[in-house]
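Numbered per our numbering, the sequence shown spans residues 66 to 341.
For every residue, glycine included, the Cβ atom is placed at its ideal position computed from N, Cα and C.
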Amino acid sequence: MAGETTNNNQILIPQLSRMWLAPVGTVAPADATVAMPEGWYTVGLFTEDSLKFNSEPNFEQVRSAQSSYPTRTFQTTDAATIEVDLQQWSGRNFKAVYGGGSLTAVTPSGGGKHFRFAPPRIGGRTEIAACMEVIDGGKHYRYVIPRTMQMEGVSKELAKAKESVLPLRLAVQGGDDTDAWYVLTDDPAFQPPAPTILTVSPSTGPTAGGTAVTITGTELGSVTAVNFGSTAGTSLILKNDTELSVITPAGATGAKDVVLVSAAGNVTKTGGFTYA
């Protein structure tokens, strides 16, 4: 089939998974393989088939008398949740599963030490940060969630025939100033495509610079600089993935290459702008 792309290396088999938690505001990992920063801790062992990440956008539809189909659909809210069944019972895991609470030491009359856990009261639940880590051979993925909260009840089975798990159910919390969640990976399949140049308009300008140039193309959202010859333009504005604008620097008379600088790869339009 024309245009078909098949690559079995892009099939994900989660061979190893970890779940990390931390207080909100803890420094997040900078990439997919760096050691987790101070403040993060793992929940330990969990069942092999329980780790899930669910993204659940909600939509509304406008219906009109002139159409049997919706005439407009728009997104109203977004939501995401994490699910995992923890096998290790610990004070920190209890606090994560119940959304907070208190841990205190109790000294029994017979000596030794016991511990008391009390779940949070109404209004006392606390947010935490979470990081889901999935490894498939040499490929690493980290779902980083800056703010989450346990917002479901806790049901535990205490059967003799199998281990009793702690059901961690976290709802992603959002904000206008940060991404509600994002993925870090070293998987080469995520390499964004390099930008392309279709037009440079105008294609000529004075040697003093100062010409407002519009460039059209594809994948322009990844461009970080536009060079005219060896000199970067100024006032770069990324309008969308297909159009950007930039102000030319001063340059010597003659045709200069226009170079889009991008982490996905640089692209050059030979002789794309002429100083006259």
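Straight-line CA distance for Phe180 to Thr289? On the sequence shown, position 115 is the one that residue 180 refers to. On the sequence shown, position 224 is the one that residue 289 refers to. About 55 Å.
Hey, would you say Thr313 sits closer than 7 Å to Gly270, going by beta carbons? Mapped onto the sequence shown, residue 313 falls at position 248. Mapped onto the sequence shown, residue 270 falls at position 205. Yes, the Cβ-Cβ distance between Thr313 and Gly270 is below 7 Å.
Same chain, Cβ closer than 8 Å to Leu303, five either side skipped, listed in chain order: In the sequence shown, residue 303 corresponds to position 238, counting from 1. Hits under 8 Å: Leu285, Gly286, Val288 and Leu309.
Within 10 angstroms of the Cβ of Gln256, are there 16 or more other Cβ atoms? Answer buried if so, exposed if not. As a first step, residue 256 must be located in the sequence shown, where it is residue number 191. Exposed is the call here.
For the structure I just gave you, are there three or more beta carbon pairs, one from the region 162-173 and one from the region 67-86, closer than 8 Å? no
Nearest to Gly319 by CA position, among Pro185, Ala273, Leu301 and Ile78, is which residue? On the sequence shown, position 254 is the one that residue 319 refers to. Nearest option by C-alpha distance: Ala273.
Endpoints, beta strand (DSSP E) assigned at Ala236: Numbered from 1 along the sequence shown, position 171 holds the residue referred to as residue 236. Leu231 to Val237 is the span of the beta strand (DSSP E), which, as asked, contains Ala236.
Tell me which same chain residues have a C-beta within less than 8 Å of the C-beta of Gly298, skipping the five on either side of it? Locating residue 298 in the sequence shown gives position 233, where the first residue counts as 1. Same-chain partners within the cutoff: Val278, Ala290, Val291, Asn292, Val311, Ile312, Thr313 and Pro314.
Beta carbon of Ala259 nearer than 7 Å to that of Gly337: In the sequence shown, residue 259 corresponds to position 194, counting from 1. In the sequence shown, residue 337 corresponds to position 272, counting from 1. Their beta carbons are not under 7 Å apart, which means Ala259 does not touch Gly337 by this criterion.
Nearest to Ser295 by alpha carbon, out of Ser174, Ser155 and Val323? Taking the sequence shown and counting its residues from 1, the one referred to as residue 295 is at position 230. For Ser295, the nearest C-alpha among the options comes from Val323.
Using the C-alpha atoms, what's the distance from Glu148 back to Gly189? Translated into the one-based positions of the sequence shown, residue 189 becomes position 124. Translated into the one-based positions of the sequence shown, residue 148 becomes position 83. Answer to the nearest angstrom: the Cα atoms are 22 Å apart.
Using alpha carbons as the reference points, say which of Ser327, Ser268 and Thr264 lies closest to Thr339. Taking the sequence shown and counting its residues from 1, one reaches residue 339 at position 274. Selected option, being the one with the closest Cα: Ser268.
Tell me which same chain residues have a C-beta within less than 6 Å of the C-beta of Thr91, skipping the five on either side of it? Numbered from its first residue, the sequence shown carries residue 91 at position 26. Result list for Thr91: Gly104 and Ala194, in chain order.
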